[in-house]
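Numbering (our numbering), first residue to last: -1 to 143.
Glycine included, every Cβ here is placed at the ideal spot set by N, Cα and C.
Notes to accompany the following structure.
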Ligand SMILES: [Mg+2]
């Protein structure tokens, strides 16, 4: 299977550092950001990001606002929201806005890895469909159909 590139976005520095170590050990390539703004800047530079793990509650640009921007700029990138009990409604709102799923904090690493793999599979399938549609479009334009 191709490399899976994940961006972890959370304002809690120790959480990001611990999770980065744990997820790297599970053969994921991890980029990190400590704010929504930083995440958006890094996504512009790193076009290979497959999945964003996004904290709902962050100072400044919150998770929902960051999600909207990610989906607008990078519609194929899948987003998993991370939430506490107090912000479950926000996470559900995030799913209506195109988030792949959400997980409650604190979450098990295994659960997070499984969710990331599901999200990556969805993205790959989506990309395949777009590729097939492009090929169909090209062949029909050439009258090869
Ligand atoms: Mg937070």
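N-terminal and C-terminal residue of the beta strand (DSSP E) that residue i is part of
| i | result |
| --- | --- |
| residue 102 | 99 to 102 |
| residue 31 | 27 to 31 |
| residue 5 | 3 to 7 |
CB contact flag (residue i, residue j, <9 Å)
| i | j | result |
| --- | --- | --- |
| residue 101 | residue 77 | no |
| residue 47 | residue 72 | yes |
| residue 2 | residue 22 | no |
| residue 54 | residue 80 | yes |
| residue 56 | residue 99 | no |
| residue 95 | residue 66 | yes |
| residue 30 | residue 16 | no |
| residue 0 | residue 138 | no |
Per DSSP, cross-strand counterpart(s) of residue i
| i | result |
| --- | --- |
| residue 53 | 80 |
Cβ-Cβ separation, residue j to residue i (assumed contact under 8 Å), whole Å
| i | j | result |
| --- | --- | --- |
| residue 37 | residue 4 | So it is not a contact: roughly 12 Å between Cβ atoms. |
| residue 62 | residue 92 | 6 Å |
| residue 114 | residue 49 | 5 Å |
Residue interval of the alpha helix (DSSP H) (run including residue i)
| i | result |
| --- | --- |
| residue 42 | 34 to 43 |
| residue 61 | 61 to 71 |
| residue 85 | Neither: residue 85 is in no alpha helix (DSSP H) and is coded neither H nor E. |
| residue 47 | Where residue 47 is concerned, there is no enclosing alpha helix (DSSP H), given that its DSSP letter is neither H nor E. |
| residue 116 | 107 to 139 |
| residue 15 | 11 to 23 |
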